[in-house]
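4 protein chains.
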Amino acid sequence: MLNIQITTGGKIPIYRQIIDQMRSSIALGKIAVGEPLPSVRGLATELVINPNTIAKAYAVLVNDGVIESQQGRGYFVAKRREIFTKRERQRRLEEVIGPFVAEAVTLGFDQQQLIGEIKKHFQRLAKS
Amino acid sequence: MLNIQITTGGKIPIYRQIIDQMRSSIALGKIAVGEPLPSVRGLATELVINPNTIAKAYAVLVNDGVIESQQGRGYFVAKRREIFTKRERQRRLEEVIGPFVAEAVTLGFDQQQLIGEIKKHFQRLAKS
Amino acid sequence: MLNIQITTGGKIPIYRQIIDQMRSSIALGKIAVGEPLPSVRGLATELVINPNTIAKAYAVLVNDGVIESQQGRGYFVAKRREIFTKRERQRRLEEVIGPFVAEAVTLGFDQQQLIGEIKKHFQRLAKS
Amino acid sequence: MLNIQITTGGKIPIYRQIIDQMRSSIALGKIAVGEPLPSVRGLATELVINPNTIAKAYAVLVNDGVIESQQGRGYFVAKRREIFTKRERQRRLEEVIGPFVAEAVTLGFDQQQLIGEIKKHFQRLAKS
DNA sequence: GTGGTCTAGACCACC
DNA sequence: GTGGTCTAGACCACA
Numbered sequence: 226m227l228n229i230q231i232t233t234g235g236k237i238p239i240y241r242q243i244i245d246q247m248r249s250s251i252a253l254g255k256i257a258v259g260e261p262l263p264s265v266r267g268l269a270t271e272l273v274i275n276p277n278t279i280a281k282a283y284a285v286l287v288n289d290g291v292i293e294s295q296q297g298r299g300y301f302v303a304k305r306r307e308i309f310t311k312r313e314r315q316r317r318l319e320e321v322i323g324p325f326v327a328e329a330v331t332l333g334f335d336q337q338q339l340i341g342e343i344k345k346h347f348q349r350l351a352k353s
Numbered sequence: 226m227l228n229i230q231i232t233t234g235g236k237i238p239i240y241r242q243i244i245d246q247m248r249s250s251i252a253l254g255k256i257a258v259g260e261p262l263p264s265v266r267g268l269a270t271e272l273v274i275n276p277n278t279i280a281k282a283y284a285v286l287v288n289d290g291v292i293e294s295q296q297g298r299g300y301f302v303a304k305r306r307e308i309f310t311k312r313e314r315q316r317r318l319e320e321v322i323g324p325f326v327a328e329a330v331t332l333g334f335d336q337q338q339l340i341g342e343i344k345k346h347f348q349r350l351a352k353s
Numbered sequence: 226m227l228n229i230q231i232t233t234g235g236k237i238p239i240y241r242q243i244i245d246q247m248r249s250s251i252a253l254g255k256i257a258v259g260e261p262l263p264s265v266r267g268l269a270t271e272l273v274i275n276p277n278t279i280a281k282a283y284a285v286l287v288n289d290g291v292i293e294s295q296q297g298r299g300y301f302v303a304k305r306r307e308i309f310t311k312r313e314r315q316r317r318l319e320e321v322i323g324p325f326v327a328e329a330v331t332l333g334f335d336q337q338q339l340i341g342e343i344k345k346h347f348q349r350l351a352k353s
Numbered sequence: 226m227l228n229i230q231i232t233t234g235g236k237i238p239i240y241r242q243i244i245d246q247m248r249s250s251i252a253l254g255k256i257a258v259g260e261p262l263p264s265v266r267g268l269a270t271e272l273v274i275n276p277n278t279i280a281k282a283y284a285v286l287v288n289d290g291v292i293e294s295q296q297g298r299g300y301f302v303a304k305r306r307e308i309f310t311k312r313e314r315q316r317r318l319e320e321v322i323g324p325f326v327a328e329a330v331t332l333g334f335d336q337q338q339l340i341g342e343i344k345k346h347f348q349r350l351a352k353s
């Protein structure tokens, strides 16, 4: 099962929230390869947001090779494959690691604590 | 010493980069409490960016209680206050940890590798 | 200079036409690395189409690493870099080579003629 | 013999894949003029897809003059007619050559490599 | 029914 | 001024 939760009004755009949650769900195998995702319109109705917003999120996931679209049938979980070069993966990670660590440090977490929190997060994901 | 490095062309806005790096530097004690920060104009000249951008970054830092402005003298590192409750800190961290881990996992980093990258990032921070 | 020409009503979507022409122009160095592209709104006005359509085209180009966006400043030609793995590049090429060759063969072009046409196309691009 | 291979999950619609492969096979003379094509139902069963999809593909091929339908008997390869003028053929090719080359160049293929890939594709076609 | 494209128009963030 | 997000709603292509 897949239960998307969005919060509006915050600083994280809706389509980003969808991307993040879908990514986690898929990476954890909560939806198996080849399984269909909720339809654009269906999910839009369910979350009470515009279908275009869902479409945008799905487009990004397609571009990252996480899901695939089949005209007239729907979106499906794609087979996992290496898309980006090692260098590009590193580049993309560094783009997000900086702000993330800065935020954590400001909140008072040191390296060890932060690593602990990340481990906890992985455990939480595995369970849910 | 405080060495701000900004990269234009990425998706992180300049004022964000400044905030992130200042926060890290201060939280890590690289600038002591009461120490002066670079002047808005000076830093703007040095980084070759619009002074308004620096001003905005400083404004956010003042608002977050990380630095203080002293009329006519400049900006200084604020006395470290616990602004957030333990509960609030945890909530704030979880807000950013989810998207961060989702992105990393999609890029193909597993828990161990991710922790390795974070350690590397801390080392880089310590050196700069 | 950069002169985008679009035709509406055909089967190739407008945003695709923009992508194709921008790609060619950039690959050929008609716009140098670091140079700004036409603004979303400006180009939309010029081509008499909706700004969102331009934005969509630009988003794809950003994703392919061809251009970069700078919030509040505009879009710029990115430094050329290897984004995709060899395997992924091959996969993406094969996705377009099949229909292309099928169309050419149906039109009566054989291998040799088709290669000739491609060479001619490259020459035409280099000149313009 | 005619060996249709469809791949679901890509962005090319199924009926397009059928059209493309039939066109290539016929243009390359792998099925002689007057030869019968697989029945709509038979092919649908074999490929495990909706018969309507086959019917649509055949309809397009009939409309293009590539195949002919004989009431109650099935579909047959049409007598090769020159449907397009030389000028029209050229125009049609140029319509598809631009986007194709743009995509290839963005993927990092230069003229020589691209020609190599096209040769490889022709070899693959000849074998299948 | 499904996704894909496009428009018109709003509001926000950034420089 | 620039880009970024979101909505409402239309029309087409595909299975």
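Chains as they are written, first to last, in the numbering used here: chain X, 226 to 353; chain S, 226 to 353; chain L, 226 to 353; chain G, 226 to 353. Cβ atoms here follow ideal geometry from the backbone N, Cα and C, with glycine treated the same way.
Asked, Found
"Exposed unless 16 or more other CB atoms sit within 10 angstroms - verdict on residue 338 of chain X", "exposed"
"CB of residue 274 of chain S within 9 Å of CB of residue 343 of chain X, strictly", "no"
"Residue-chain proximity (residue 258 of chain S, chain X), Cβ-Cβ < 9 Å", "no"
"Contact list for residue 318 of chain S against chain X, beta-carbon separation under 7 Å", "329, 332, 334 and 342"
"As assigned by DSSP and simplified to three states, the class of residue 238 of chain L", "coil"
"Any C-beta of chain X under 9 Å from that of residue 263 of chain G", "no"
"Complete beta strand (DSSP E) runs within the segment 290-319 of chain G (minimum length 3 residues, chain order)", "292-295 and 299-302"
"For residue 299 of chain G and residue 262 of chain G, believed in contact at Cβ under 8 Å, the rounded distance", "7 Å"
"Reference residue 269 of chain S; option with closest CA among S:331, S:320 and S:239", "S:239"
"Where residue 358 of chain G falls, given that 16 or more other Cβ within 10 Å makes a residue buried", "This structure gives no information on residue 358 of chain G, because the portion of chain G shown stretches from 226 to 353."
"Straight-line Cα distance separating residue 228 of chain X from residue 334 of chain G", "42 Å"
"Within chain L, partners of residue 310 of chain X - CB distance below 8 Å", "307, 308, 309 and 310"
"Short-range partners of chain G found in the segment 285-303 of chain X, where Cβ spacing is below 9 Å", "287, 293, 294, 295, 296, 297, 298, 301 and 303"
"Closest Cα partner of residue 258 of chain X within the set X:247, X:277, X:348 and X:305", "X:305"
"Boundaries (first-last residue) of the alpha helix (DSSP H) holding residue 276 of chain G", "276-288"
"Cβ separation of residue 308 of chain L and residue 278 of chain X, assumed to be a contact under 8 Å, to the nearest whole Å", "Residue 308 of chain L to residue 278 of chain X, Cβ: 26 Å. No contact."
"Nearest-angstrom Cα separation, counted from residue 341 of chain S out to residue 250 of chain S", "21 Å"
"Span separating the alpha-carbon of residue 201 of chain S from that of residue 318 of chain S", "Any question about residue 201 of chain S goes unanswered here, given that chain S covers just 226 to 353."
"N- and C-terminal bounds of the alpha helix (DSSP H) containing residue 257 of chain S", "Counting along the chain, residue 257 of chain S falls outside any alpha helix (DSSP H), and DSSP gives it neither H nor E."
"Classification of residue 286 of chain S by the beta-carbon crowding that lies within 10 angstroms, buried from 16 upward", "buried"
"Presumed contact (8 Å Cβ cut-off) between residue 331 of chain G and residue 248 of chain L, rounded CB distance", "5 Å"
"Span separating the alpha-carbon of residue 328 of chain L from that of residue 230 of chain L", "23 Å"
"Whole-number beta carbon distance between residue 336 of chain G and residue 347 of chain L, since they are thought to touch under 8 Å", "5 Å"
"Residue-chain proximity (residue 249 of chain X, chain S), Cβ-Cβ < 9 Å", "yes"
"Contact set for residue 295 of chain G: own chain, Cβ-Cβ below 7 Å, skip 5 residues either direction", "301"
"Spatial distance of residue 264 of chain G from residue 236 of chain L (CA atoms)", "29 Å"
"Terminal residues of the alpha helix (DSSP H) in which residue 347 of chain S lies", "336-352"
"Helix, strand or coil at residue 261 of chain G [DSSP, three-state]", "strand"
"Beta-carbon gap between residue 293 of chain X and residue 303 of chain X smaller than 9 Å", "yes"
"Length of the line joining the Cα atoms of residue 323 of chain X and residue 351 of chain S", "13 Å"
"Partner residues on chain L for residue 272 of chain G, Cβ-Cβ distance less than 8 Å", "In chain order: nothing, as chain L lies at least about 16 Å away."
"Any C-beta of chain S under 9 Å from that of residue 252 of chain X", "yes"
"Test: residue 238 of chain S CB closer than 9 Å to a CB of chain L", "yes"
"Check whether residue 256 of chain G and residue 282 of chain G have beta carbons under 9 Å apart", "no"
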